[in-house]
Amino acid sequence: MQQNAGVSGYILLLTVQFVFIVIFGIYTDYDTDLQPKNGTVQAEENFVIPKYPHFQDIHVMIFIGFGFLMTFLKRYGYSATGLNLFVAALCIQWAILMRGFFEMEHRTIRLSLANIIGADIAAASVLISMGALLGRITPIQLLIMGLIEIVLFASNEFLQIELMKIVDVGGSITVHAFGAYFGLAVSFILRPTKENAKPGELESASYTSDIFAMVGSIFLWIFWPSFNSALVDGPEQERAILHTYLSLAACTVTAIIISALVSKDNKLDMVHVQNSTLAGGVAVGSVVNLMIHPVGALIIGSFAGLISVLGYRYLTPKMFEKGRIADTCGVHNLHGMPAVASALFSAIFAYFATKDAYGDSLYTIFPGMKNSTIDDNEMIIGGFGRSSEKQAAFQLLAILITVCIAIVGGLFTGFVLKSPTFKNLRTHELHKDDIYWETPDHQEYNRDEHLQ
Amino acid sequence: MQQNAGVSGYILLLTVQFVFIVIFGIYTDYDTDLQPKNGTVQAEENFVIPKYPHFQDIHVMIFIGFGFLMTFLKRYGYSATGLNLFVAALCIQWAILMRGFFEMEHRTIRLSLANIIGADIAAASVLISMGALLGRITPIQLLIMGLIEIVLFASNEFLQIELMKIVDVGGSITVHAFGAYFGLAVSFILRPTKENAKPGELESASYTSDIFAMVGSIFLWIFWPSFNSALVDGPEQERAILHTYLSLAACTVTAIIISALVSKDNKLDMVHVQNSTLAGGVAVGSVVNLMIHPVGALIIGSFAGLISVLGYRYLTPKMFEKGRIADTCGVHNLHGMPAVASALFSAIFAYFATKDAYGDSLYTIFPGMKNSTIDDNEMIIGGFGRSSEKQAAFQLLAILITVCIAIVGGLFTGFVLKSPTFKNLRTHELHKDDIYWETPDHQEYNRDEHLQ
Amino acid sequence: MQQNAGVSGYILLLTVQFVFIVIFGIYTDYDTDLQPKNGTVQAEENFVIPKYPHFQDIHVMIFIGFGFLMTFLKRYGYSATGLNLFVAALCIQWAILMRGFFEMEHRTIRLSLANIIGADIAAASVLISMGALLGRITPIQLLIMGLIEIVLFASNEFLQIELMKIVDVGGSITVHAFGAYFGLAVSFILRPTKENAKPGELESASYTSDIFAMVGSIFLWIFWPSFNSALVDGPEQERAILHTYLSLAACTVTAIIISALVSKDNKLDMVHVQNSTLAGGVAVGSVVNLMIHPVGALIIGSFAGLISVLGYRYLTPKMFEKGRIADTCGVHNLHGMPAVASALFSAIFAYFATKDAYGDSLYTIFPGMKNSTIDDNEMIIGGFGRSSEKQAAFQLLAILITVCIAIVGGLFTGFVLKSPTFKNLRTHELHKDDIYWETPDHQEYNRDEHLQ
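Below, the structure written as structure tokens:
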């Protein structure tokens with residue numbers, strides 16, 4: 024048993040934490056806003072950190088939202104909530120560093136609220152990948168995966184946002200598509216042998232675990248407008264809030280109705296209600312600050328709800344059957360496809376973006392369309408002064424590159440995790456807390472297993 | 024089974040969603056604040072949307088609060104959380120339109136954060152009605168009810184607030200009283216036959232479902248100050264927060280003590296703890312921005328806790344016994360009676376409102392008491408320049424009209440739902456998820472049923 | 024049974040609530056900010072109450088966080104959530120008064136948002152003590168304890184912050200250390216006889232109750248940055264947020280790894296994941312606004328995670344074995360030791376605090392180091408113009424005095440609760456909801472008890 028539990032893995036992770044501390048000591052300091060002010064003592068009584076409520080909403084999504092959404096498995100609730108916390112706590116530290124390396128000034132990463140918002144969002148991509156693999160990898164494998172994924176995430180995010188200047192305020196491309204396809208690629212490498220390719224005995228919900236999952240699902244639903252609007256200000260922010268709200272509402276109605284129409288005996292399916300109702304938040308992500316108008320948000324949301332439910336109903340079983348690609352939480356239906364759709368929408372709306380419709384905000388929303396004379400010292404792939412058609416092409420390029428990096432990175436990570444260095448779970452160990460957790464009385468546990 | 028599941032009902036609702044999209048396309052656009060700004064580029068870094076944290080708190084109340092409060096039934100947790108999400112997602116879209124029609128400019132409803140706050144609050148009234156009927160109507164009936172109710176809600180809200188200029192910042196009259204009596208009137212029409220008028224076999228809690236319900240209850244408790252203060256600003260807002268906090272605290276202490284004193288063996292009753300502790304938020308709603316002073320908030324809260332527990336203990340059983348009016352969640356005790364009390368309090372405090380106590384804010388709080396010369400082009404029922412006595416009379420008129428509209432509207436809606444067009448649930452189908460949901464292994468489910 | 028249930032106790036508490044109302048009526052009024060404004064009518068549209076989101080986060084911690092963290096016992100979930108609500112609702116009222124008495128002006132306590140933030144924080148200390156005693160005292164004993172504790176809490180808080188001018192922005196000294204040692208002292212007095220000193224039959228978790236506890240734990244984790252930054256503004260506030268975030272992240276990683284390393288078969292222990300992951304929030308509390316730098320936060324967090332897990336694993340069983348001091352939730356490991364560590368850290372950082380590092384904020388952060396000529400009319404124990412060494416000494420004195428007051432106060436309170444006036448629970452009544460709650464079908468309940 025000692026061998027299985029991976030003492031050496033835990034010691035490795037402890038070393039990682041120690042190394043993080045050293046790197047933080049060498050390379051990080053406070054941002055100017057957090058430094059003590061000298062001279063004039065300002066009245067700070069009405070001081071407000073503008074994005075703090077947004078941050079806390081996102082924080083709830085990452086730790087309660089993702090954590091509890093994954094509790095739907097009947098015997099994996101400790102892992103869902105506990106490993107979600109573990110992997111996110113490790114990844115946010117690593118994300119602060121990796122993302123910071125790209126913005127270093129004088130070899131120092133200057134920290135403020137913006138960095139921890141960015142870190143939380145980065146962690147989301149890992150948690151999405153975790154969803155694809157839920158119950159199929161060990162805690163150590165999961166954390167190693169997270170460490171590798173954050174490196175690629177931060178690089179791709181920098182490439183897309185800073186160098187290619189694409190529009191992706193809600194992170195559909197950089198977070199959702201990236202996380203989903205990365206996780207699926209890992210899942211492909213770790214796929215079961217043909218003999219073992221059947222749904223796990225414990226790969227289903229109990230009545231109670233399904234309701235726990237609703238805690239996570241609904242909190243994600245509630246705070247998604249904050250996720251999609253955290254990186255913009257002013258009218259853009261309020262548009263992002265409105266669009267996400269409307270998209271989720273239409274998505275929910277459509278998804279639940281479609282669920283009834285395509286399910287056995289026309290009964291509602293909790294998997295759809297927990298997951299597909301959220302697809303509207305993903306699908307609107309890349310266009311959330313654009314002039315898509317309320318009706319655009321509703322159409323996008325409805326479409327997302329539709330494809331997500333159809334994906335759960337028809338595509339996921341097929342992917343497992345034909346390609347033995349397991350996707351425990353169905354992240355392809357909640358994050359993958361809706362994110363690709365969002366990228367397509369962003370290309371369409373960029374294509375039709377005009378100075379008339381956007382006024383001066385055209386250049387803050389699409390910085391690549393700015394006149395190049397202003398920002399000479401900034402490097403942009405594709406250059407400044409883009410036409411709207413060219414911006415549209417870059418949006419398509421963005422999703423293409425992102426999915427490629429995610430898949431190649433995921434395949435590589437899968438090979439690493441499959442190596443004999445790491446323990447791999449055997450079939451009877453899947454989706455089971457008690458391999459890695461002390462659970463209440465083992466005997467009762469087994470008996471209980473047959474009850475719900 | 025196919026027939027029962029109501030395919031045609033779901034297709035009808037899908038059509039409704041489609042029609043909503045069309046109407047949004049024709050009649051809605053962004054509010055000025057959400058339009059791109061031209062000319063001067065403002066520094067928007069410290070931009071804050073003032074009511075956004077309030078909105079998110081209310082959003083939690085609507086989707087987590089109401090949803091989980093209704094999970095207390097042992098086998099209705101999927102419906103409680105899932106149908107709550109479904110009906111609210113549909114109703115918020117409809118409420119944006121219906122409420123918007125009353126404020127249209129140039130045939131356009133201009134959307135901003137204010138509209139979605141208003142939509143969430145409108146949805147609350149439907150969810151309150153849902154509480155009265157929980158487990159007794161089909162999903163299709165529930166959604167049809169919501170669609171009808173929103174029309175009446177929006178009309179009555181416009182009548183009370185805009186035309187009659189009554190004071191009801193926390194929505195006790197327009198939301199709580201309306202939702203409760205509407206639901207009870209529907210319940211009256213759908214009442215069981217005399218032979219079937221006995222408490223349902225599944226109409227009780229399990230140990231686990233009761234704790235799930237506490238998730239909802241406590242989140243409602245926590246964020247109620249935001250619900251009651253979202254529509255006011257400045258000192259009024261901070262008073263509303265303080266009053267709601269104090270009222271709920273006193274209500275909770277009183278309700279729990281009274282629960283022990285009136286219950287069997289002096290044990291505490293979870294129904295009271297989950298529901299009556301919230302009555303203080305309702306009872307203070309109509310006076311929440313008035314000068315009721317901290318002590319006034321405590322008295323109102325204690326009184327609400329007292330009548331709510333007594334209502335659960337003595338009135339609800341009697342209503343079912345004598346009138347066969349079922350009220351699954353006891354909304355009459357949590358929303359109905361406390362809201363009527365709140366209206367009475369508002370009449371009393373309006374009666375004694377003076378320029379001395381309120382200063383210039385007298386006229387912003389009670390717009391009907393303003394001098395008419397200022398706002399000539401606004402129509403107010405009862406006219407401007409009201410005396411405080413007249414304002415008090417209007418507060419009483421408001422609750423009277425609201426309850427009448429709610430009851431008549433509820434009776435009408437009940438008749439619609441009872442028509443043979445809709446499937447009505449039979450006795451053995453009440454309070455049971457598995458009529459409309461795929462539930463984990465049916466056999467185990469039935470066995471499990473007898474366990475908790 | 025009637026006798027046991029303590030009707031007289033409930034009537035006493037009802038009287039207390041009545042007395043609170045009277046005292047509020049005599050001694051409280053609105054703060055100036057909440058009074059109606061006269062004369063110039065300000066544009067209040069963009070009005071924001073700066074600390075309101077912070078308040079709501081703390082509010083979630085107190086009522087959901089503490090309440091659900093304590094649901095981990097398999098048959099004490101009604102009490103955990105319900106009594107948490109009950110005792111907090113009573114204590115916040117009492118805390119407003121007790122804390123207010125120290126700041127009265129013209130015999131009036133002027134209420135605003137600041138007072139209810141302070142009241143929520145005060146209630147936390149009682150809920151921490153409750154954690155030590157969970158399942159071992161009656162509701163009446165618990166509430167009486169809360170009433171006594173609030174008096175001592177408010178006095179000690181005033182002594183430390185206002186008179187001794189110590190630094191303790193996150194309340195590690197005044198809240199966490201105080202609450203933990205107070206509770207442990209009560210527990211010592213109420214300790215079982217030697218014959219009965221064995222772990223209770225029901226003193227453990229079920230699979231479901233452990234996941235409920237994660238709801239509380241994770242919400243505490245998420246909102247802890249708000250708890251630690253609510254009482255400061257400007258750069259101090261943003262530093263406090265960043266430090267708490269980093270400390271919790273490092274603490275979580277360290278605690279979970281150490282949990283695996285020291286537990287049987289190297290499996291993870293839910294107790295550690297639920298509790299020790301939070302110790303980083305406590306340990307950073309007293310230094311949260313100081314210039315500890317990001318790396319300092321990570322080191323403090325890791326250290327806290329380490330000692331907390333070791334405490335749960337080795338110290339708590341020993342305390343029960345040797346001293347018969349029960350500590351149901353292990354508050355000594357989550358609140359006690361990390362808080363003492365935090366005080367030591369605060370002494371170290373105060374010792375090295377210089378004008379160079381802090382600029383002018385040195386005197387707002389450490390008011391005792393200000394030049395005395397400025398604030399002549401304020402009394403400070405130790406006087407103004409302290410050196411940094413002297414401030415360090417005062418930090419040490421603060422934790423010493425606080426722990427002394429907590430222990431002496433707790434011993435006294437324990438004697439009061441042990442007196443024959445109050446019913447004391449017998450061994451077979453421990454950790455059991457159904458002594459004080461109506462629970463679903465008693466027979467099934469007992470059968471169910473043996474299942475999970």
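Chains as they are written, first to last, in my numbering: chain L, 24 to 475; chain X, 24 to 475; chain W, 24 to 475.
Ideal Cβ positions, reconstructed from N, Cα and C, are used throughout, including at glycine.
Only a predicted model underlies this, so the values are computations on that prediction, with no experimental measurement involved.
- By the neighbour-count criterion, in which 16 or more other beta carbons inside 10 Å mark a residue as buried, aspartate 288 (chain W) falls on the exposed side.
- By the neighbour-count criterion, in which 16 or more other beta carbons inside 10 Å mark a residue as buried, isoleucine 280 (chain X) falls on the buried side.
- In this chain, the beta strand (DSSP E) harbouring isoleucine 132 (chain W) covers 132–134.
- Scanning the region 174–239 of chain L from its first residue to its last, the whole alpha helix (DSSP H) runs of 4-plus residues come out as 201–212.
- Leaving aside the five residues that flank isoleucine 34 (chain L) on each side, none in its chain has a CB nearer than 6 Å to its CB.
- If you draw a straight line from the Cα of tyrosine 374 (chain X) to the Cα of alanine 415 (chain X), it comes to about 5 Å.
- Linking alanine 320 (chain X) to leucine 269 (chain X) through their CA atoms gives a straight-line distance of about 6 Å.
- Residue contact with chain X for glutamine 116 (chain W): present (Cβ-Cβ distance below 8 Å to some residue of chain X).
- In the DSSP assignment, tryptophan 244 (chain X) is bridged to no other residue.
- Separation of the CB atoms of serine 210 (chain W) and isoleucine 348 (chain W) is rounded to 5 Å, and the pair is thereby assigned contact status at 8 Å.
- According to DSSP, tyrosine 53 (chain X) shares a beta bridge with X:Leu134.
- Counting C-beta atoms within 10 angstroms of its own C-beta, methionine 127 (chain L) has fewer than 16 neighbours from the protein chains shown and is therefore classed as exposed.
- Restricting attention to W:Asp383, W:Glu412, W:Val255 and W:Ser148, the CA atom closest to the CA of asparagine 179 (chain W) is found in W:Ser148.
- Taken in chain order, the members of the region 379–391 of chain X whose beta-carbon sits within less than 7 Å of a beta-carbon on chain W are Tyr381, Gly382, Asp383 and Ser384.
- Of the residues assessed, valine 311 (chain X) falls on the buried side of the cut-off, its CB having 16 or more other CB atoms within 10 angstroms.
- Pairing leucine 254 (chain X) with isoleucine 173 (chain X), the inter-Cα distance amounts to about 19 Å.
- In chain order, Ala366, Leu367 and Ala370 place their CB closer than 8 Å to the CB of leucine 419 (chain L), counting only its own chain and leaving out the 5 sequence neighbours on each side.
- Under DSSP, glutamate 128 (chain L) shares a beta bridge with L:Thr131.
- Scanning the region 55–111 of chain W from its first residue to its last, the whole alpha helix (DSSP H) runs of 4-plus residues come out as 75–83 and 89–92.
- Non-local C-beta neighbours of phenylalanine 41 (chain L) in its own chain, meaning closer than 7 Å and more than five positions away in sequence, are absent.
- When the five nearest sequence neighbours on each side are left out, the beta carbons in the same chain lying within less than 6 Å of the beta carbon of histidine 199 (chain L) are those of Val305, His358 and Ala362, in order along the chain.
- When Cβ pairs closer than 8 Å are counted between the two stretches, the region 221–234 of chain X is seen to touch the region 454–461 of chain X, the count reaching three or more.
- Straight through space, the alpha carbons of lysine 341 (chain W) and serine 309 (chain X) are spaced by roughly 56 Å.
- Residue nearest to valine 354 (chain W) within the set W:Arg130, W:Tyr101, W:Ala208 and W:Ile171 is W:Ala208 (criterion: CA-CA distance).
- Counting only the Cα atoms, phenylalanine 235 (chain W) lies some 39 Å from arginine 133 (chain W).
- No Cβ-Cβ contact shorter than 8 Å links serine 135 (chain W) with aspartate 191 (chain W).
- At a C-beta separation below 8 Å, proline 248 (chain X) has no neighbours in chain L, since its nearest C-beta there lies roughly 15 Å away.
- Around the CB of isoleucine 49 (chain X), fewer than 16 other CB atoms lie within 10 Å, so the residue is classed as exposed.
- Looking at W:Ile422, W:Asp80, W:Gly303 and W:Val39, the one whose alpha-carbon comes closest to that of alanine 273 (chain X) is W:Val39.
- Every unbroken stretch of the alpha helix (DSSP H) spanning 4 or more residues and falling wholly within the region 317–363 of chain L is given here in chain order: 339–346.
- Following the DSSP letters along the chain, one finds threonine 436 (chain W) inside the alpha helix (DSSP H) bounded by residues 411–441.
- Any Cβ of chain W closer than 8 Å to the Cβ of glutamine 58 (chain L) would place that residue at the interface, and such an atom is present.
- When only Cα atoms are considered, glycine 193 (chain X) and leucine 313 (chain W) end up about 41 Å apart.
- Contact between the region 102–116 of chain L and the region 145–160 of chain L is present: 3 or more CB-CB pairs across the two stretches fall below 8 Å.
- Classified as buried, methionine 293 (chain W) has 16 or more neighbouring CB atoms from the shown chains inside 10 Å of its CB.
- Rounded to the nearest whole angstrom, the C-alpha separation of asparagine 219 (chain L) and phenylalanine 201 (chain W) is 56 Å.
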